[in-house]
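Here's the structure, in structure tokens; my notes come after.
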Amino acid sequence: SLVVLFGATAGAYGAKLGSDERELILLVWQVVDLHSKKVGTLHKSLVKADNLDLSDQCREVSGLTPEGLGKAEPLDRVLQQFSQLVSSDLKVLGRSSYTLCSDGQLLIRQVLHPETSKKNFLLSDCFYSFYDLRKEFHTCYPSSAAVKDQTIKTMAEYLGLGTDEAEEDFGVWQVKTMVAIIFSMLSEGCNHVFSEPETVKYKYETGPWIKAYFGYFFFFFFLCSSKSETVDSETVIRARGLPWQSSDQDIARFFKGLNIAKGGVALCLNSQGRRNGEALVRFVNSEQRDLALERHKHHMGSRYIEVYKATGEEFLKIAGGTSNEVAQFLSKENQVIIRMRGLPFTATQEDVLGFLGPECPVTGGKEGLLFVKYPDGRPTGDAFVLFSCEEYAQNALKKHKEILGKRYIELFRSTAAEVQQVLNRYMSTPLIPTLPTPIIPVIPPPYTIATGSIRDCVRLRGLPYTAGIDDILEFMGDATGDIKPHGVHMVLNQQGRPSGDAFIQMKSADKAFIVAQKCHKKMMKDRYVEVFQCSGEEMNFVLMGGTLNRSGLSPPPCKLPCLSPPAYAAFQTAAVIPAEAAALYQPQALLPTTRTPQASAAAPPAVTYYPAQAAQLYMNYTAYYPSPPVSPTTVGYIAAPPGAVAAAATATHTPILPQPGALVRMQGLPYNTGMKEILSFFQGYQYAPDDYNGLIQLSDQARSVLQAPKEWVCL
């Protein structure tokens, strides 16, 4: 038997049904016995929606009103009545089983499943299998219109059925016409057989996106070659704006009703190795992908999610694997993966198993643990754990932020794609990128970052996020020649992405004024850019993390400046930091001359090294930009060649910071942290000698603390 089903929402109708996320307000159905060609009673039920504000199209097409819907039953009660009435009609017809038949995919996939998922109640099994009347009709009548162009009316016209839509209530005519179409398909001339229903997956299948066809070896072969495999770009979408804590199951729930391929959810990570609110999702076919695109700006909780097309190549970059260790770890299917973050670097497998305890046993014991390490074998503090069931995983998640050793441990749900992505990120790239290009000495002119109140700088606001220094120079036009060397500074936000702001140092205040007048609200890549004249002091406030607005300057937080994006130049280790860099960071390189009256009068130029291909007039300070917050130790400060350091020291009497000295960057400090708390944090570490005080720009209070007989110091 078939149960012919028709429905409508409070919003869009027809091809856009369900695309506006509006609730169901009408269900009409009738049982059809395919053998005896008898029908049951036709039922029509109104559904009370949470939001009774009907769209104009809904009012016009359905004739329903908010007053009438206000007296109806809610969806869960209507679905209970549906099951009871269908069972009653089947008994009358002498049947016991049935399959739904709807006009297309939208009512089942785009309305019923998403809405019941959001309202947290389960659909009965009958809603996970159904016949698409449009597809069945096209199979029976191949010369008819394409499936996507079919409607109930066009199918009826093709068969010459003389039904008048105006004679019946909305929904009743549609069901009666669908029943008539089915009987025509069952006639002797066609003898159509309903044999292959559409299916909706009950749950998302986790695991690697390729199959282990013939055991582990074949699985590993496919996993290792997965980046050279192809994924149909017509099956992949990019979801953007996801809550950072969302898991693959949360994303699958957002796309409830659509069939996602096994392991088809790949969470994207940012430069810090954390989820960036984006995911690539691979569906079983292009039809499911097209339905997913209709959920653009649907909501996950209180946040709307953007859905765009993506390519198979993008999916492979995230979900593809290259590691033998990853292959072996993921070879166990149907496992729940949990990511642990913040582990002590000395933590062992026994420590992790002891932390999790007997209430959440790990699959395979030690084999169910995967520690993430750097290429040199050092631990990163991350690990992945396998659990055989949801109950064990939930028990593990309850240990979120519990203490192991002296550190609290974060636990999150994870995916196979995230495992591969994290391992690839840490294991496939060297700690310090290098190039074989020779390092050439360059003697720069004696320039510094402006710090005074002279308004010889301009601020660019509203830049396209894709704009680079070349785009800014093109935007400046003829005024490019008036920019100081190294005078273009891109400003990043806290996530390390372009903020849309930039500062430019001009050769004089007059040049800055002319540029501000000439380029203000000039277009760059379809966006107008605001240009304001400002001082070097104001520029430095923003570059050091402060804000510049109409109310004045807001002081920066305790962190290093956000200058150019962390596109680390491919330096060899033999390089000297530019002189202006030392004023900001004081790394292991030449530092400015000790501040004396004589030194300020005439300071000789410092020796500076740049790679041959990086020696550009407008090259920003990416050469000495510190490592990203995720891993302050992965990219060291650039060391000076001993010969160059000695020669420069002899010539200029510049103090040199010895090798044992170094700077550290602290991130995540409480906003009310003071100097005493920081010094206490580093208690037990050797302090810098008093001779260094002249090299470090310190307040009187800080210098008095450093000169006190302590055993520790924070630079």
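For the sequence shown, full-length UniProt numbering puts the final residue at 715, and the numbers step up evenly by one. Note that the Cβ used here is the ideal one computed from N, Cα and C, for glycine as well.
Beta-carbon proximity check, residue i vs residue j, cutoff 7 angstroms
| i | j | result |
| --- | --- | --- |
| residue 294 | residue 19 | yes |
| residue 489 | residue 475 | no |
| residue 461 | residue 530 | yes |
| residue 669 | residue 421 | no |
| residue 482 | residue 511 | yes |
| residue 10 | residue 22 | yes |
| residue 372 | residue 380 | yes |
| residue 144 | residue 138 | yes |
| residue 500 | residue 463 | yes |
| residue 93 | residue 33 | yes |
| residue 262 | residue 205 | yes |
| residue 106 | residue 5 | no |
| residue 190 | residue 140 | yes |
| residue 312 | residue 407 | no |
| residue 43 | residue 85 | yes |
| residue 47 | residue 78 | yes |
| residue 405 | residue 344 | yes |
| residue 418 | residue 258 | no |
| residue 30 | residue 172 | no |
| residue 1 | residue 98 | yes |
| residue 508 | residue 453 | no |
| residue 310 | residue 356 | no |
Residue i in three-state terms, based on DSSP
| i | result |
| --- | --- |
| residue 235 | helix |
| residue 138 | helix |
| residue 50 | coil |
| residue 498 | strand |
| residue 101 | strand |
| residue 392 | helix |
| residue 128 | helix |
| residue 532 | strand |
| residue 198 | strand |
| residue 13 | coil |
| residue 503 | strand |
| residue 454 | coil |
| residue 350 | helix |
| residue 7 | strand |
| residue 681 | helix |
| residue 380 | strand |
| residue 375 | coil |
| residue 20 | coil |
| residue 33 | strand |
| residue 524 | strand |
| residue 275 | strand |
| residue 491 | strand |
| residue 77 | helix |
Residues sharing a beta bridge with residue i, DSSP
| i | result |
| --- | --- |
| residue 304 | 299 |
| residue 265 | 281 |
| residue 539 | Partner(s): none; residue 539 has no beta bridge. |
| residue 45 | 27 |
| residue 340 | 383 and 411 |
| residue 483 | 506 |
| residue 369 | 385 |
Nearest candidate by alpha-carbon position, reference residue i, set the options
| i | options | result |
| --- | --- | --- |
| residue 246 | 472, 261, 484 and 303 | 303 |
| residue 35 | 90, 313 and 369 | 90 |
| residue 327 | 346, 343 and 369 | 369 |
| residue 135 | 119, 154, 103 and 121 | 103 |
| residue 55 | 406, 25 and 40 | 25 |
| residue 374 | 412, 424, 470 and 416 | 424 |
| residue 231 | 248, 264 and 192 | 264 |
| residue 186 | 515, 38 and 409 | 38 |
| residue 537 | 518, 524, 517 and 505 | 505 |
| residue 526 | 467, 665 and 419 | 467 |
| residue 426 | 378, 459 and 458 | 378 |
| residue 253 | 674, 299, 679 and 83 | 299 |
| residue 516 | 523, 533 and 509 | 533 |
| residue 415 | 319, 348, 356 and 484 | 319 |
| residue 457 | 543, 497 and 366 | 543 |
Residue-level contact to chain C via CB, residue i, 7 angstroms cutoff
| i | result |
| --- | --- |
| residue 392 | No chain C appears in this structure, which consists of one protein chain only. |
Any 3 or more C-beta pairs closer than 8 angstroms across the segment 275-284 and the segment 235-245 | Three or more Cβ pairs drawn from the segment 275-284 and the segment 235-245 lie within less than 8 angstroms of each other, which places the two stretches in contact.
Please confirm if the segment 392-399 is in contact with the segment 177-191, defined as three or more CB-CB distances below 8 angstroms between the two stretches.
-> Touching, no, given that fewer than three Cβ pairs across the two stretches are closer than 8 angstroms.
Any chance the segment 280-291 sits against the segment 191-198, with 3 or more Cβ pairs inside 8 angstroms?
-> Verdict: no, contact absent.
Flag this pair as touching only if the segment 381-388 and the segment 331-343 have three or more C-beta atom pairs under 8 angstroms; answer yes or no.
-> Enough Cβ pairs lie closer than 8 angstroms, so yes.
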